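Its first residue numbered 1, the sequence shown is counted upward by one per residue in the UniProt record's numbering.
The structure under discussion appears below in the form of structure tokens.
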Amino acid sequence: MANSNLNKQDKLKVGKLITDLQSKEEVKIAGALKAFSVHGHASVIDPIIETWRNGLSKENEALVFDLFQSLKDTSAIEPLMEAFKNPTNSNLQRKLLATFWNSKLDFSDYLADFVLFGIEGDFLDALEAITVIENFEMMAPESAILESQLLLTEYFGQNQGEDQQKDAILTDLALLLKDFSEAEGTEDLFLE
């Protein structure tokens, strides 16, 4: 839901909550994060991410996890993925992935972004990526499957053997994509 879709009273409430979120006072931040689960919408994701990136207490970070994992509004997917892909949030990417695979939102359209994250990162990044992908509740679009297979083909053509643990995870991911492509009725570009 866009900020312009809010009535004047809701805009004021959200504005005050964002001010509290940015206050650097742990109690106010906690209150704002709790209130966002009731009064929030997609426009509050960017300020939450910014505050998280700048550092939160463990308690408030847990509130962010709870908030993001409980999201049901599909309009939150795009700003979450923008935050995930934004290089300034690189220190949050694994944490964001953990919230994605524990949420009820459908991130399957972003399959190739998760595969690329696994390829560009280390073993733990690849592990987080495959975990998210294994937990998709919806089938990824054919174009995302094909793009992901091409990314893996390119990776294995250039880097095989550099990190055996990561390669094992990415091989498992390639097999998972093969299953996706068979279910979708497309040709597998990686394992042919």
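Cβ atoms here follow ideal geometry from the backbone N, Cα and C, with glycine treated the same way.
Keep in mind that this is a model prediction, so the values were computed, not measured.
(Q) On the DSSP letters alone, give me the boundaries of the alpha helix (DSSP H) that Ser-143 sits inside. (A) Going by DSSP, Ser-143 is part of the alpha helix (DSSP H) stretching over 142 to 159.
Residues of its chain near Gly-74, where Cβ-Cβ distance is below 8 Å and the 5 sequence neighbours each way are ignored
One point to set straight first is that residue 74 is Thr, not Gly, in the sequence displayed. Around Thr-74: Leu-105, Asp-106.
For chain D, check one thing: does any of its Cβ atoms lie closer than 8 Å to the Cβ of Ile-169? Absent here is chain D; the protein component of the structure consists of one chain.
task: Report the three-state DSSP secondary structure of Met-138 (helix, strand or coil).
output: When DSSP states are grouped into helix, strand and coil, Met-138 belongs to the coil group.
At 3 residues or longer, what runs of the beta strand (DSSP E) sit wholly inside the segment 14 to 72? Runs of the beta strand (DSSP E) inside the segment 14 to 72: none found.
* Whole angstroms is fine: what's the gap from Gln-165's alpha carbon to Lys-16's? => Roughly 47 Å between the two C-alpha positions.
- Message: According to DSSP, is Gly-118 part of a helix, a strand, or is it coil?
- Response: Note: Gly-118 maps to helix in three-state DSSP.
### Query
Relative to the C-alpha of Ser-108, which residue among Asn-102, Phe-136, Gly-118 is closest?
For the residues Asn-102, Phe-136, Gly-118, the minimum Cα distance to Ser-108 belongs to Phe-136.
**Asked** Can you give the beta carbon distance from Ser-148 to Leu-96, rounded, assuming they're within the 8 Å contact cut?
**Response** Contact doesn't hold; Cβ gap of about 19 Å is too wide.
Helix or strand or just coil, what does DSSP make of Asp-106? Residue state, collapsed to three classes: coil.
Cβ shell of Phe-123 (< 7 Å), same chain only, five flanking positions each side left out: Within the same chain, and ignoring the five residues on either side of Phe-123 in sequence, the residues whose Cβ sits closer than 7 Å to its Cβ are Asp-163, Gln-165, Lys-166, Ile-169.
| Taking buried to mean at least 16 other C-beta atoms within 10 Å of its own C-beta, is Val-27 buried or exposed? | Val-27 comes out exposed.
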